[in-house]
Amino acid sequence: MIPTPTVLCAGAAGEVTGSANLIDTGRAKVLVDFGLFQGGHSQEERNAEHPGFDAREVDAVILTHAHMDHCGRMGRLGKLGCHAGIWCTEPTAEVIARVLRSSASLQRLRVEEHASGTVPSMRVLAPASMATGELGRTTVPPILYSEAEAKSTAGQVRSCGYGEACQIAEGVNATFLDASHVIGSASVLLEWGRGLSRRRLLCSGDIGPARSPLLRAHGLPAEPVETLLMESTNGGRAGGGAGGPMVRVVTPHIDGATAVAGGPSESFSEYLRQAVASGRRLLFPAFALGRMQLLLSWIASAVREGTVPEFPVFVDSAMAARICDLYARHGHLLDPAPARLCARGETPFGFEGMRLLRSRRESEGAIAQDGASALMAGSGFCDAGPVLRHLARMLGDEGCDIVFTGHQIAGTLGHALSHGASRIELHGREIAVRAQVRVVSGFSGHAFHGDLLNWAQQRVIPGGRVILNHGSPAARDSFAATLRTHGYRVDLPQPGEAISI
Ligand SMILES: [Zn+2]
């Protein structure tokens, strides 16, 4: 007799990073994603721990998309004894080697910084209620894998076209369906068994908004499934209004005064018009895969339509530049309007003022410019990367705006700044925040509450089962309550919990 299939939620169960799910069909074991835990050193230390399953027994690995919280531990697989094929879509297969290699070199760089005493230090000094100890890494971070191990992991990657059923292990088929989250992202339908023992499990990966301005619509399985393994990142959150993204000022908290977070909101296009007219210099901390392309395509189309004037926009990320090329190469996977641009040999990201900076020298040249400009740099959480160099220069300058467009996880400098930190220490230097800090809502790469519900209803049978993983406890609980009122059975696994399906 075949044992009951199970889903082991080994990461991102009731949290938003460290995605890892082991599906045991009874005959084969399939690992869906193996991502990094992120958000401060206590989280990062979890990355080097035992993953909670025997990787030597894994028969196939699925990668839903190339974000670090879904792929960042994959370079460890060889060392853990897993040499199985890693299945993903073609765009993901094209980018994953570079993503893992740059993660490995970053890990090496961090250890070198510790050895030479040059670790970027950052802490919040004021207001007192937000003051923190060191936000950076106080202990030597673990090296999870070397560049050579990252390369060897990338050698295991196999691509599978959207909508094709690929046999990934004995008796197990996987079908990749558009998830509209980033280029190459997918939900994955796993099917195994025959007759009465036939099983179908749909793993959502990260689900993009129902109407992505950049990516093709969500893909549907041929028929609804009995069980969903689903993310709930934006559970309980309503999406942006019909007017598009909105911007609000984050008022720095002053000790002794009533904290005021958030001024009046205005539309993103109105904000950009004003900022350009008054010659402000904007810094957008953003991730290279997905967020920068979403921002660039939004600005490019606003410039084309004339709602925002042409102004210089610099992208300080060689990785983002390559990913822009990746989107353009896979133009048929985009929403019809950007797809048409790509078909004509144009890019959805391009306009006269846009410059992709592919080296440190080009970056220094861009900084020397006067007048209104925007600069995009990573990391989006302001915990590493070139954005720290730009923050050190711009945070104390009244003529600058720091503009956050993405969710900030607690324990990062981005979280502190977007919640009103008024004085920080960066690289040993005290900086009073004189730049205006702004938060833009409506750019989420994740579907909001209502869209998540529609997504589930279109894919699971009435009364079917939904296992919610990826999402904060509050977001998950909120979405679970809605699903239950619609008659679904909902599981909220804890990290390390195995659920029979
Ligand atoms: Zn993602």
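Sequential numbering from 99 applies to the sequence shown in the working numbering. C-beta: ideal position from N, C-alpha, C; glycine also.
So the candidates are Leu312, Ala146 and Ala472; which of them puts its Cα closest to the Cα of Gly497? Minimum Cα-Cα distance from Gly497 among the listed residues Leu312, Ala146 and Ala472 corresponds to Ala472.
At which residues does the beta strand (DSSP E) containing Ala475 begin and terminate? Counting along the chain, the beta strand (DSSP E) containing Ala475 begins and ends at Ser471 to Ala475.
Buried or exposed: Asp468, going by 16 or more other Cβ atoms within 10 Å of its Cβ? Result: exposed.
What did DSSP end up calling Val128 once you bin it into helix, strand or coil? If DSSP states are grouped into helix, strand and coil, Val128 belongs with the strands.
Can you give the Cα-Cα distance for Arg420 and Cys264, rounded to whole angstroms? Each residue's CA atom was taken as its position, placing Arg420 and Cys264 some 28 Å apart.
Taking 7 Å as the cut-off, is the CB of Asp304 close to at least one heavy atom of ligand 2? For the structure depicted, ligand 2 is absent and the ligand set comprises only ligand 1.
So, for Ala110: in the same chain, excluding its five sequence neighbours on each side, which residues have a beta-carbon less than 6 Å away from its beta-carbon? The answer, listed in chain order, is Gly116, Ser117, Asn567 and His568.
Please confirm whether any heavy atom of ligand 1 lies closer than 7 Å to the CB of His525. Between ligand 1 and His525, a heavy atom-to-CB distance of less than 7 Å is absent.
Work out the CA separation of Glu289 and Ala490 for me, nearest whole Å. Whole-angstrom Cα-Cα distance: 51 Å.
By Cβ distance below 6 Å, which residues in the same chain neighbour Met474 in space, the five residues on each side in sequence not counted? Around Met474: Phe382, Ala384, Met390 and Val413.
For Ser363, which residues in the same chain have their Cβ closer than 7 Å to its Cβ, ignoring the five residues on either side in sequence? Close CB contacts of Ser363 within its chain, under the 7 Å cut and outside five residues either way in sequence, are with Met344, Val345 and Arg346 (chain order).
Going by DSSP, what residue range makes up the beta strand (DSSP E) through Asp414? Counting along the chain, the beta strand (DSSP E) containing Asp414 begins and ends at Val411 to Asp414.
For Ile507, I'd like the list of residues in its chain whose CB is within less than 8 Å of its CB, leaving aside the five on either flank, ordered along the chain. Cβ neighbours of Ile507 beyond the five flanking positions: Val114, Thr115, Gln136, Gly137, Phe479 and His513.
Buried or exposed, going by whether 16 or more other CB atoms sit within 10 Å of the CB of Ser601? Here the chain comprises residues numbered 99 to 599, so residue 601 is not present and cannot be evaluated.
Can you have a look at Glu192 and say buried or exposed, based on whether 16 or more other CB atoms are within 10 angstroms of its CB? In the assembly as shown, Glu192 is a buried residue. Its beta-carbon has 16 or more other beta-carbons within 10 Å.
Can you have a look at Asn552 and say buried or exposed, based on whether 16 or more other CB atoms are within 10 angstroms of its CB? Asn552 is exposed by the Cβ-count criterion.
Span of the beta strand (DSSP E), counted from its first residue to its last, around Asp122: Where Asp122 is concerned, the enclosing beta strand (DSSP E) starts and stops at Ala118 to Asp122.
Here's the rule I'm using: 16 or more other beta-carbon atoms within 10 Å means buried, otherwise exposed. How should Ile397 be labelled? When all chains shown are included, Ile397 counts as buried.
Please classify Cys440: does DSSP put it in a helix, a strand, or coil? Here Cys440 carries a helix assignment [DSSP, helix/strand/coil].
Hey, how far is the Cα of Ala578 from the Cα of Asp304? In this model, Ala578 and Asp304 are separated by some 17 Å (Cα to Cα).
Quick check on Asp600: does DSSP put it in helix, strand or coil? Since the first and last residues shown for the chain are 99 and 599, residue 600 lies out of range.
Sub-8 Å separation of Ala277 and Ser244 beta-carbons: No. Outside cutoff.
What does the alpha-carbon distance come out to for the pair Arg563 and Leu327? Spanning the two alpha carbons is a distance of roughly 9 Å.
Using 7 Å as the cut-off, classify the Cβ of His163 as near or not near the heavy atoms of ligand 1, replying yes or no. His163: yes, Cβ under 7 Å from ligand 1.
With distances taken between CB atoms, is the gap from Gly484 to Gly451 smaller than 8 Å? The residue asked about is misnamed: residue 484 is Pro in this sequence, not Gly. Contact flag unset, no.
For Ser214, is the classification buried or exposed, using 16 other Cβ atoms within 10 angstroms of its Cβ as the cut-off for buried? Of the other Cβ atoms in all chains shown, fewer than 16 fall within 10 Å of the Cβ of Ser214; this residue is therefore exposed.
Take the Cβ of Asp157 as the centre, count every other Cβ of all protein chains shown within 10 Å, and call the residue buried at 16 or more, exposed below. Label assigned to Asp157: buried.
Nearest neighbour of Gly259, chosen from His505, Pro571, Gly150 and His428 [CA to CA]: Ranking His505, Pro571, Gly150 and His428 by Cα distance to Gly259 puts His428 first.
What three-state label does DSSP hand Gly562 in the structure shown? DSSP places Gly562 in strand when its eight states are reduced to three.
How about Leu299 and Ile599: are their beta carbons less than 8 Å apart? Their beta carbons are under 8 Å apart, which means Leu299 touches Ile599 by this criterion.
Between Leu175 and Ala153, is the Cβ-Cβ spacing less than 8 Å? Yes, Cβ-Cβ distance for Leu175 and Ala153 is below 8 Å.
Using a Cβ-Cβ cut-off of 7 Å (strictly less than) and excluding sequence neighbours within five positions of Phe447, which residues of its own chain qualify? Hits under 7 Å: Gln391, Leu394, Ser395, Ala398 and Cys422.
Same chain, Cβ closer than 8 Å to Ala108, five either side skipped, listed in chain order: Excluding five sequence positions before and after Ala108, the CB atoms of its chain that fall closer than 8 Å to its own CB belong to Ala118, Asn119, Leu120, Pro149, Gly150, Phe151, Pro593 and Gly594, given in chain order.
Within the present structure, is the beta-carbon of His148 separated from the nearest heavy atom of ligand 1 by less than 7 Å? False, no ligand heavy atom lies under 7 Å from that Cβ.
Does chain D have any CB closer than 8 Å to the CB of His279? Annotation note: the requested chain D is absent from the structure, which comprises a single protein chain.
Do the CB positions of Leu242 and Arg144 come within less than 8 Å of each other? Between Leu242 and Arg144, the gap from beta carbon to beta carbon reaches 8 Å or more.
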